[in-house]
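Here's the structure, in structure tokens; my notes come after.
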Amino acid sequence: MELTKEQAVKFKKLGIATVGELALMTPHTYEDYRLHDRLNPHTFQLIDATVESVYRAPNSIQITFFVHNFGHQVTGVLFRPKPYMMHQFKVGDRDYYYGMIECKGGSCSMSMPKKVSKIGAITPKYKTALRSDVMFRLTRELLTLENLKEEGIAVDVIEKVLSLHFPTSEILNSKELDAQCIDALKYLELYIYMKQLSMKRRYFKTLVTKESSYDAFLKQLPFDLTEQQRNAINDIQKDFAQNVAAKRMVVGDVGSGKTMVILASAFMMMPHKSILMAPTTILANQLYEEALKFLPSLKIVLVTNKTKKIALDNYDFIIGTHALLYRDLPQAALVMVDEQHRFGTQQRNMLEKIISYDNKRPHYIQFSATPIPRTLAMIESSHIDVSLITKTPYKKDIDSKLISKKDFKQLLEHIRLEIAKGNQVLLVYPLVQESEVIDYQSIDEARSYWESNFENVYVTHGKDKEKEQVLLDFREKGDILIATTVVEVGISLPRLTTVVIVGAERLGLSTLHQLRGRVSRTGLKGYCFLYTKQENSKRLDEFVKTTNGFDIANLDLKYRKSGDLLRGISQSGSQFQWVDFAEDSAIVARVKEDLSLT
Numbered sequence: 004m005e006l007t008k009e010q011a012v013k014f015k016k017l018g019i020a021t022v023g024e025l026a027l028m029t030p031h032t033y034e035d036y037r038l039h040d041r042l043n044p045h046t047f048q049l050i051d052a053t054v055e056s057v058y059r060a061p062n063s064i065q066i067t068f069f070v071h072n073f074g075h076q077v078t079g080v081l082f083r084p085k086p087y088m089m090h091q092f093k094v095g096d097r098d099y100y101y102g103m104i105e106c107k108g109g110s111c112s113m114s115m116p117k118k119v120s121k122i123g124a125i126t127p128k129y130k131t132a133l134r135s136d137v138m139f140r141l142t143r144e145l146l147t148l149e150n151l152k153e154e155g156i157a158v159d160v161i162e163k164v165l166s167l168h169f170p171t172s173e174i175l176n177s178k179e180l181d182a183q184c185i186d187a188l189k190y191l192e193l194y195i196y197m198k199q200l201s202m203k204r205r206y207f208k209t210l211v212t213k214e215s216s217y218d219a220f221l222k223q224l225p226f227d228l229t230e231q232q233r234n235a236i237n238d239i240q241k242d243f244a245q246n247v248a249a250k251r252m253v254v255g256d257v258g259s260g261k262t263m264v265i266l267a268s269a270f271m272m273m274p275h276k277s278i279l280m281a282p283t284t285i286l287a288n289q290l291y292e293e294a295l296k297f298l299p300s301l302k303i304v305l306v307t308n309k310t311k312k313i314a315l316d317n318y319d320f321i322i323g324t325h326a327l328l329y330r331d332l333p334q335a336a337l338v339m340v341d342e343q344h345r346f347g348t349q350q351r352n353m354l355e356k357i358i359s360y361d362n363k364r365p366h367y368i369q370f371s372a373t374p375i376p377r378t379l380a381m382i383e384s385s386h387i388d389v390s391l392i393t394k395t396p397y398k399k400d401i402d403s404k405l406i407s408k409k410d411f412k413q414l415l416e417h418i419r420l421e422i423a424k425g426n427q428v429l430l431v432y433p434l435v436q437e438s439e440v441i442d443y444q445s446i447d448e449a450r451s452y453w454e455s456n457f458e459n460v461y462v463t464h465g466k467d468k469e470k471e472q473v474l475l476d477f478r479e480k481g482d483i484l485i486a487t488t489v490v491e492v493g494i495s496l497p498r499l500t501t502v503v504i505v506g507a508e509r510l511g512l513s514t515l516h517q518l519r520g521r522v523s524r525t526g527l528k529g530y531c532f533l534y535t536k537q538e539n540s541k542r543l544d545e546f547v548k549t550t551n552g553f554d555i556a557n558l559d560l561k562y563r564k565s566g567d568l569l570r571g572i573s574q575s576g577s578q579f580q581w582v583d584f585a586e587d588s589a590i591v592a593r594v595k596e597d598l599s600l601t
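The numbers in the numbering used here rise by one with no breaks, and the one at position 526 of the sequence shown is 529.
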């Protein structure tokens, strides 16, 4: 439907673009402008009254009304009256007035009575960027079944939402919205958001459409892939067969084996070139080593800021850090980005430019090891295809335990035992330097204790320019690594069996899960100790019992520590007033189906 110029101006002021969004702006209260013949104390009521007398005090006006619909007197009181109010009450005038009625000791009063011209209906009141009466008129003009049906919204949802804007007595009598109304608002909120997301997705012709197989790749692997790894690879195989460039996000749990999905994708794209960008040199190096091992038939090169400038045209698979953005890259049919959320917007935009060739694009796949709640994955899938890898190739044997100061002696014994077995220990501190605000030791305060009681202690943190070298040295020669959450994602430490997280209650559950995922990467028995000064924490108790990253992500939502959870996707949590990601997956599924996004 076409908006008039005046309506368009009002929409702009409200910050909306559709009638559906207008329908989401529900009234914050209702005023009942119907006449009743019974007086209800402590409620707002309409009276049909004649002014019998007016008394002006310094800071107030007192009016005696004879109320015809009740058959007795009520005193009206105006506090700090504005000048225009002085002339609204003339002795002998009969009008309709609305206000809160209170009764004490047999006499009743109405505070701040206001004159009403239109009576007989329940009137919604709005709190928006428009004046309430202007908003009221706009909703009357535009909120119709037909207009909302035009936007594709389900009829049962429209009827429920309209009942909030065009209220009946039921709304006034109920203290809160009924469950069906709330579900309708959730549906509408999701419908608008997911429809906007799906419209943002642009489809580009692909540089290469190919039927591909990965059987030969599977045959030469010394192990079997999990069903979910194969499902993700099958999704990508289907993408490559389309004449539209793929845009897919593969989300795996910590240690779910997404590297094999990356390598299978490059294998299937042969004889065309593939590019893979990783956030750190260590990660790029690890992926390069895995590629050399499992893709012996491909010519592979590693590009970091230390690599000499060489011609890249002769290689099938180019792996590198953001240094790739500053090289002359050959035309590639597949571009993959690992841990995309760790690249800045500027770097992502540069990559976007590099991979664009006129109006054609390579297939684009991003990988993440930060599990997101399934509900969120469904929402994201309205503008990008999503594959989830929720199971790990082998079951990790990690004991998680909450500890406090009294357990420190036992912790030291455990650390000595693990080091004696040739294993490594990671200590994660919340701070680098001392803080007056946070009641935990920092790395600077704690390191001297560990360095004087243990050998081969390495220290690093986010601002440490040498952190990658420190991690490599620790992997080869270290016993204990003291760090901040810098080690959350990245280097593979095969001998690491124990992580101790100091001030665990300060971190989001997904970050804790990432840190726990650093240990027991090669099937060794692992230990995760959460050191806290809190007496009890239900959140951490549940974390200790939960091992699956996607379940952890749901817990994170439940406890609303979802900041680190929503990183790198569309920060969806912020704009929802009604939707609860932890509870509303059925509504998301229905919206997805109604938008034909399944």
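We put the CB at the ideal spot given by N, CA and C, even for glycine.
Keep in mind the model is a prediction, meaning the values are calculated, not measured.
Open item on the list: Buried or exposed, going by whether 16 or more other CB atoms sit within 10 Å of the CB of Asn539?
Closed with: Here Asn539 is exposed. Its C-beta has fewer than 16 other C-beta atoms within 10 Å.
TODO: State the Cα-Cα distance for the pair Ala11 and Gly95, rounded to the nearest angstrom.
DONE: Rounded to whole angstroms, Ala11 to Gly95 spans 45 Å at the Cα level.
Open item on the list: So within the stretch 493-523, which uninterrupted alpha helix (DSSP H) runs reach at least 4 residues, ignoring any that extend past its ends?
Closed with: With a minimum length of 4 residues, the continuous alpha helix (DSSP H) runs that stay inside the stretch 493-523 are 512-519.
Open item on the list: Between which residues of its own chain and Ala326 is the CB-CB distance below 8 Å, once the five residues before and five after are set aside?
Closed with: Contacts found: Val306, Thr307, Asn308 and Thr310.
TODO: Return the bridge partner residues of Glu105 from the DSSP annotation.
DONE: According to DSSP, which records beta bridges pairwise, Glu105 is partnered with Ser112.
- [ ] Return helix, strand or coil for Ala336, following the three-state DSSP convention.
- [x] In the structure shown, the three-state DSSP call for Ala336 is coil.
TODO: Sort out for me which residues DSSP pairs Pro127 with in a bridge.
DONE: Answer is Tyr33, bridged to Pro127.
Open item on the list: Here's a check: name, in chain order, each residue in its chain whose Cβ is nearer than 7 Å to the Cβ of Ser577, leaving out the five neighbours to either side.
Closed with: Summary for Ser577: the model assigns pLDDT 49, below 50, so the residue's position carries little reliability; its value from the coordinates is reported in the next sentence. Here Ser577 has no same chain residue with a Cβ atom under 7 Å from its own Cβ, once five neighbours each way along the sequence are excluded.
Task: Paired residues, beta bridge with Val547 - DSSP - done: The partner list for Val547 (beta bridge, DSSP) is empty, contrary to what the question assumes.
Task: Close beta carbons around Lys16, own chain, < 7 Å, minus the five adjacent residues each side - done: Closer than 7 Å at Cβ, skipping near neighbours: Ala132 and Leu133.
TODO: Kindly identify the DSSP beta-bridge partner or partners of Thr78.
DONE: In the DSSP output, where bridge partners are listed per residue, Thr78 has Thr67 and Ser112.
Task: Unbroken beta strand (DSSP E) run spanning Phe370, endpoints - done: His366 to Ser371 is the span of the beta strand (DSSP E), which, as asked, contains Phe370.
- [ ] Return the CA-CA distance between Ile368 and Val253, expressed in angstroms with no decimal places.
- [x] Roughly 7 Å between the two C-alpha positions.
Task: Cα-Cα separation, Lys276 to Lys398 - done: Taking the straight line joining both Cα atoms gives about 35 Å.
- [ ] Whole angstroms is fine: what's the gap from Val513's alpha carbon to Phe553's?
- [x] Correcting the residue type first, residue 513 is Ser in the shown sequence and not Val. When rounded, the distance between both Cα atoms is 9 Å.
Open item on the list: If you measure between the beta carbons of Leu543 and Ala589, is that distance less than 8 Å?
Closed with: Not a contact, by the Cβ cut-off of 8 Å.
Open item on the list: Quick check: the Cα distance between Val522 and Lys536, rounded to an integer number of angstroms?
Closed with: Val522 and Lys536: Cα-Cα distance of roughly 24 Å.
- [ ] Answer yes or no: do Ala187 and Lys152 have a C-beta to C-beta separation smaller than 8 Å?
- [x] No. Outside cutoff.
TODO: Give me whichever residues DSSP pairs with Phe320 in a beta bridge.
DONE: Phe320 pairs with Ser277 and Ile303.
Task: C-alpha gap between Pro497 and Lys468, whole angstroms - done: If I take the Cα positions, the gap works out to 24 Å.
- [ ] Below 8 Å CB to CB, which residues in the same chain sit around Tyr217 once its five sequence neighbours on both sides are set aside?
- [x] Excluding sequence positions up to five before and after Tyr217, its CB lies within less than 8 Å of the CB of Ile236, Gln240, Ala267, Phe270 and Met271, all in the same chain and listed in chain order.
Task: Lys15 - containing alpha helix (DSSP H), residue span - done: Per DSSP, the continuous alpha helix (DSSP H) segment holding Lys15 begins and ends at Lys8 to Leu17.
Open item on the list: Give the list of continuous beta strand (DSSP E) stretches no shorter than 3 residues that lie fully inside the stretch 216-256.
Closed with: Unbroken beta strand (DSSP E) stretches of 3 residues or longer found wholly inside the stretch 216-256: 250-255, given in chain order.
Task: Secondary structure of Ser407, DSSP reduced to three states - done: Coil at Ser407, not helix or strand.
Open item on the list: Given a cut-off of 8 Å on the beta-carbon distance, is the pair Ile422 and Gly529 in contact?
Closed with: No, Cβ-Cβ distance for Ile422 and Gly529 is not below 8 Å.
Open item on the list: Pop quiz: Phe370 and Asp341 are said to be a contact at Cβ under 8 Å. What is the actual Cβ separation, rounded to whole angstroms?
Closed with: So it is a contact: roughly 5 Å between Cβ atoms.
Open item on the list: For the beta strand (DSSP E) containing Ala486, name the first residue and the last one.
Closed with: Element bounds for Ala486: Ile483 to Ala486.
Open item on the list: Strictly by DSSP, which residues pair up with Asp51?
Closed with: Looking at the DSSP assignment, Asp51 forms a beta bridge with Tyr99.
Open item on the list: Can you tell me where the alpha helix (DSSP H) holding Gln472 begins and where it ends?
Closed with: Gln472 -> alpha helix (DSSP H) spans Lys470 to Lys480.
Open item on the list: Which residues does DSSP list as the beta-bridge partners of Val57?
Closed with: Its beta-bridge partners are Ile66.
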